[in-house]
Amino acid sequence: MAEVTNELIYEVLKGIQTRLERFDERFEDISEELIGIRTHMHASQGEINRIYTRLGAIETRIDRVEKRLEIITEPAD
């Protein structure tokens, strides 16, 4: 078994430090990607909300037209 010396411990610690630095870089990259994904999801949700709003307005208009034309059908439950 190799003798444990200060130099050996120093080399091991340098290796650990190098690996931690690479981990930090990867973590930053992943964090940036997650921020991008989150931003895209919020934008998509906003678009979906606008679509539902438009559909609700269209449904209201159709209901008024049906009432005026007296072609109202009973809703199916």
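Using the working numbering, the letters of the sequence shown correspond one by one to residues 1432 to 1508. C-beta: ideal position from N, C-alpha, C; glycine also.
query, result
"Through-space distance from G1477 to K1498, alpha-carbon basis", "32 Å"
"I1502: first and last residue of the uninterrupted alpha helix (DSSP H) it sits in", "Per DSSP, I1502 belongs to no alpha helix (DSSP H) and is neither H nor E."
"Three-state secondary structure assigned by DSSP to A1433", "coil"
"Distance between E1434 and F1454 (C-alpha atoms, nearest Å)", "30 Å"
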